[in-house]
RNA sequence: GCGCCCGUAGCUCAACGGAUAGAGCACCAGCCUUCUAAGCUGGCGGUUACAGGUUCGAUUCCUGUCGGGCGCGCCA
């Protein structure tokens, strides 16, 4: 419909240009929007306002000319000029009826678009360190990323979903060492566990597995393990130096193969847990990309070398620095540490260079907002190695604060008192979690009301939308009980009977759905879809409350059943994109 | 101190630079013999934090101030 009006306007503009009423230079961007108020018709364009300057004419006068130049259309009953120069289109109500046929014919494909056809994009999200279970912060990134990816897919893009496994680096060494130390405790060794080690219960479990499968194979005397290791913090030492020395000791005593076994056990157990958690949450990936693999293939070395060769890196204080300030970063960043180890940043440059090399037109990263300071340096690095930093779009997801009984749920990663994603899913269910997480745009701080998410009432937007879907199924069950059947072909012949304001509103909402998908996909903003579904549910519920569908008049009945059947289809399609179930009864 | 994000109705949040800034909740007044009351109708509620600027037009863009969150490591 929108396109049809845009075509009419384009025709008018071309006509005005041909007759010299409009200059031929300058582009005319034609924007047609659904109106907010019925007084302004069904669709409106601000074309005369945007072209006024170019045409050196008053907007309203230009609008007159445009309207005169418009070709006739049987779908448009009236065109008005209003306000400062808006052109309002009033549609023939029958123009909307066809959307019912379109939806029923397209089925689950209704809403899919083609803007992304032939374009490959990558969405990397969650990518939490495999050092422990996912918490509710990761949950938002998971729901958000999965939905953005689904939307892009629906908009026709070729989408690659990826999880970057941070399986290299110091944090993972700390994890591996923590596992080993817990294992040593189970072997009977006595010592103080390092304050900087990972203390979660799951570390004990992994240590126990190690012990069960290997007995004393990796056992070394505590005295040997802690010999000459700098003191830990409680004993007046430095906790960082303490844990680093323990990592080195683990590597020496266990040897490369033994260390790798312990390390990989920790990594794999936790990664499997994360994978399972996400899968249960309806979040799946095309690829799990290993940082360690990237390092082991020499990609990180090569990218550092490139920066060195091109003069973007320099040595200082025994380390190798990237001059990111040349590209607007606030300070230069270390690539290779004094101890010869490359930083996470160096690996990440290699990773992002690799992503772009893989030929994605656009690469989307979804990060927690606490990583925002990291964006300029990654973009700087991409620019320095000759890539276009604009191909990388980083979405920063703000934290979600949980509320229960009107009180903030206290969380602290430091003390280990964080709420896990799994706990949240258990408490409110996958559907509510997925829906609530994408109800706000990512840069918005979110208040997550657990009580609301759990409540089975219309105040809960998830139930409200799901119930609309279930209610339509219920109507069809009632139909059967009354001994009637739905004749879609008959309904199709009598769609003209749908003239009630509630029906026209519902039709307009259904017709707008594909555009919602496109807008949400291109803007990477899933909340548009969540809101649109709530509004669609609202239109349906009010319609339901005002009119009876199962009337004696078979023509009207079938037409209405076609309409609500189409509504059900759109609700199902939309919920599917959000990763929320569409129940048939509640 | 510097940087990024946010500031819209009592609360939670919307609004490609467009018309009279919208929803839901809460509150107030009505409604239930109905295909599910898990509902409906109406009402109340705003100097879009503040001050400038850009223009036909600013919640939206720019500058500054104030307030909240986050970050500022040779961790990841």
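Numbering (our numbering), first residue to last: 37 to 622. The beta carbon of each residue, even a glycine, is placed where N, CA and C say it ideally should be. All figures in this text were calculated on a predicted structure; none of them were measured in a lab.
Need the endpoints of the beta strand (DSSP E) that residue i sits in, please.
{"i": "residue 399", "result": "398–404"}
{"i": "residue 117", "result": "112–118"}
{"i": "residue 80", "result": "79–81"}
{"i": "residue 122", "result": "122–127"}
{"i": "residue 564", "result": "Per DSSP, residue 564 belongs to no beta strand (DSSP E); it is in the alpha helix (DSSP H), 563–582."}
{"i": "residue 421", "result": "Run containing residue 421: none; DSSP gives neither H nor E here."}
{"i": "residue 70", "result": "68–70"}
{"i": "residue 194", "result": "194–201"}
{"i": "residue 440", "result": "436–440"}
{"i": "residue 158", "result": "156–160"}
{"i": "residue 323", "result": "323–326"}
{"i": "residue 429", "result": "428–433"}
Should residue i and residue j be called a contact, given that it needs their Cβ atoms to be closer than 8 Å?
{"i": "residue 417", "j": "residue 364", "result": "no"}
{"i": "residue 394", "j": "residue 381", "result": "no"}
{"i": "residue 191", "j": "residue 154", "result": "no"}
{"i": "residue 222", "j": "residue 247", "result": "yes"}
{"i": "residue 478", "j": "residue 428", "result": "no"}
{"i": "residue 258", "j": "residue 226", "result": "yes"}
{"i": "residue 602", "j": "residue 530", "result": "no"}
{"i": "residue 285", "j": "residue 261", "result": "yes"}
{"i": "residue 616", "j": "residue 487", "result": "no"}
{"i": "residue 461", "j": "residue 169", "result": "no"}
{"i": "residue 95", "j": "residue 85", "result": "yes"}
{"i": "residue 362", "j": "residue 348", "result": "yes"}
{"i": "residue 157", "j": "residue 188", "result": "yes"}
{"i": "residue 88", "j": "residue 56", "result": "no"}
{"i": "residue 171", "j": "residue 454", "result": "yes"}
{"i": "residue 101", "j": "residue 41", "result": "no"}
{"i": "residue 283", "j": "residue 213", "result": "yes"}
{"i": "residue 149", "j": "residue 549", "result": "no"}
{"i": "residue 218", "j": "residue 240", "result": "yes"}
{"i": "residue 542", "j": "residue 576", "result": "yes"}
{"i": "residue 438", "j": "residue 527", "result": "no"}
{"i": "residue 224", "j": "residue 436", "result": "no"}
Would you please state the rounded distance, in angstroms, between the beta carbons of residue i and residue j? I believe it to be under 8 Å.
{"i": "residue 490", "j": "residue 463", "result": "7 Å"}
{"i": "residue 423", "j": "residue 389", "result": "6 Å"}
{"i": "residue 91", "j": "residue 58", "result": "5 Å"}
{"i": "residue 114", "j": "residue 79", "result": "That pair is no contact at about 12 Å."}
{"i": "residue 592", "j": "residue 533", "result": "5 Å"}
{"i": "residue 614", "j": "residue 470", "result": "6 Å"}
{"i": "residue 301", "j": "residue 414", "result": "No, residue 301 and residue 414 are not in contact; Cβ-Cβ is about 31 Å, not under 8 Å."}
{"i": "residue 571", "j": "residue 545", "result": "7 Å"}
{"i": "residue 540", "j": "residue 132", "result": "6 Å"}
{"i": "residue 411", "j": "residue 430", "result": "5 Å"}
{"i": "residue 538", "j": "residue 481", "result": "The Cβ separation is near 37 Å, so there is no contact."}
{"i": "residue 185", "j": "residue 197", "result": "5 Å"}
{"i": "residue 167", "j": "residue 234", "result": "6 Å"}
{"i": "residue 515", "j": "residue 522", "result": "6 Å"}
If I follow the unbroken alpha helix (DSSP H) through residue i, where does it start and stop?
{"i": "residue 208", "result": "206–223"}
{"i": "residue 295", "result": "275–316"}
{"i": "residue 40", "result": "38–54"}
{"i": "residue 183", "result": "172–190"}
{"i": "residue 604", "result": "590–614"}
{"i": "residue 538", "result": "537–559"}
{"i": "residue 146", "result": "Premise fails: residue 146 is in no alpha helix (DSSP H) and is neither H nor E."}
{"i": "residue 101", "result": "95–105"}
{"i": "residue 343", "result": "335–345"}
{"i": "residue 133", "result": "130–142"}
{"i": "residue 624", "result": "Outside the modelled stretch of the chain, which goes from 37 to 622, sits residue 624, for which no answer is possible."}
contact_flag[the segment 163–172, the segment 192–204] where n(CB pairs < 8 Å) is 3 or more: yes
Stretch-stretch touch, CB-based, cutoff 8 Å, three pairs: the segment 323–342 with the segment 274–283: no
Three or more C-beta pairs below 8 Å linking the segment 603–619 and the segment 486–502: yes
Length-filtered (3 minimum) beta strand (DSSP E) runs lying within the segment 351–411: Complete beta strand (DSSP E) runs here, min 3: 355–358, 369–372, 398–404.
Sufficient close CB pairs (3 or more, under 8 Å) joining the segment 396–405 to the segment 352–362: no
Inter-stretch contact (C-beta, 8 Å, three-pair minimum) for the segment 140–151 and the segment 117–131: no
Contiguous alpha helix (DSSP H) assignments of at least 4 residues, all confined to the segment 462–501: Counting only runs of 4+ residues, the alpha helix (DSSP H) found wholly inside the segment 462–501 occupies 466–473, 486–490, in chain order.
contact_flag[the segment 560–569, the segment 467–486] where n(CB pairs < 8 Å) is 3 or more: yes
Validate contact between the segment 330–338 and the segment 309–320 using beta carbons, cut 8 Å, 3 pairs: no
4-residue-minimum alpha helix (DSSP H) runs that sit fully inside the segment 226–260, ordered along the chain: 237–250
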